Amino acid sequence: MTKKMGKKVRRPLWAPWRIEYIVSPKDGQCFLCGRKSPGGKDEDMIIHRGEKAFVILNMFPYNSGHLMVAPYRHVATYSLLDSDERNEISGLLAAAERTLRKAMRPEGFNIGFNIGKAAGAGIEEHIHLHIVPRWLGDNNFMPVLGSERVVPQALSATAALLRKHWTP
Ligand SMILES: [Zn+2]
Numbered sequence: 160m161t162k163k164m165g166k167k168v169r170r171p172l173w174a175p176w177r178i179e180y181i182v183s184p185k186d187g188q189c190f191l192c193g194r195k196s197p198g199g200k201d202e203d204m205i206i207h208r209g210e211k212a213f214v215i216l217n218m219f220p221y222n223s224g225h226l227m228v229a230p231y232r233h234v235a236t237y238s239l240l241d242s243d244e245r246n247e248i249s250g251l252l253a254a255a256e257r258t259l260r261k262a263m264r265p266e267g268f269n270i271g272f273n274i275g276k277a278a279g280a281g282i283e284e285h286i287h288l289h290i291v292p293r294w295l296g297d298n299n300f301m302p303v304l305g306s307e308r309v310v311p312q313a314l315s316a317t318a319a320l321l322r323k324h325w326t327p
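Following this line, the structure appears as structure tokens:
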């Protein structure tokens with residue numbers, strides 16, 4: 160037995176690329192573009208629609224409540240966003256943080272963009288911001304990423320909870 164065994168082994172701080180690989184387009188259609196119109200696929204995963212950007216629950220979450228903020232426009236990098244889009248994404252990030260705090264009482268967050276394949280982006284053609292709520296010891300109860308999918312009912316319930324608590 161090594162010393163390690165009894166310790167909490169933290170997952171890497173920032174590893175959403177494994178999820179993203181799963182959802183990366185295989186049929187030529189962009190995952191995010193496929194979900195930007197109201198009433199489309201996975202509508203129950205949409206938390207909020209803004210004017211230029213929207214908030215969607217990550218269906219292959221790194222942790223419970225893992226959100227993504229994405230512009231409607233299909234652009235690959237942050238510098239290609241116009242200032243209205245950047246402003247709205249920034250506002251939606253603040254709202255998402257407030258909402259998650261209220262609904263799920265996280266003890267921390269990982270927030271960031273993965274831009275380009277080298278940085279771990281799975282949906283690399285369509286930029287999106289990850290907002291991952293964290294709890295101390297959360298690696299003890301969440302399944303290892305990519306090996307297990309959170310059941311759809313749980314995702315749906317989480318999405319409904321976050322919509323209910325949405326705080327602009
Ligand atoms: Zn797209």
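In my numbering, the protein residues as written are 160 to 327. By construction, the Cβ of each residue, glycine as well, lies at the ideal position given by its N, Cα and C atoms. Treat the numbers as computed from the prediction; the structure is a model and nothing was measured.
If you compare the alpha carbons of ALA280, ALA253, LEU226, ILE286 with that of ARG293, the shortest gap goes to LEU226.
As the crow flies, the alpha-carbon of LYS200 is around 12 Å from that of CYS189. Counting along the chain, the unbroken alpha helix (DSSP H) around ALA253 starts and ends at 242-263. The bridge partners DSSP lists for VAL228 are VAL214, LEU288.
In this structure, DSSP gives GLY193 a helical state, which the three-state scheme calls helix.
Between ALA229 and ALA212, the beta carbon gap of about 6 Å places them in contact (Cβ cut-off 8 Å). For ARG208, DSSP records a beta bridge to PHE213. When DSSP reads this structure, ILE282 sits in no beta bridge, so it has no partner. Beta-bridge annotation (DSSP): ILE274 is not paired with any residue.
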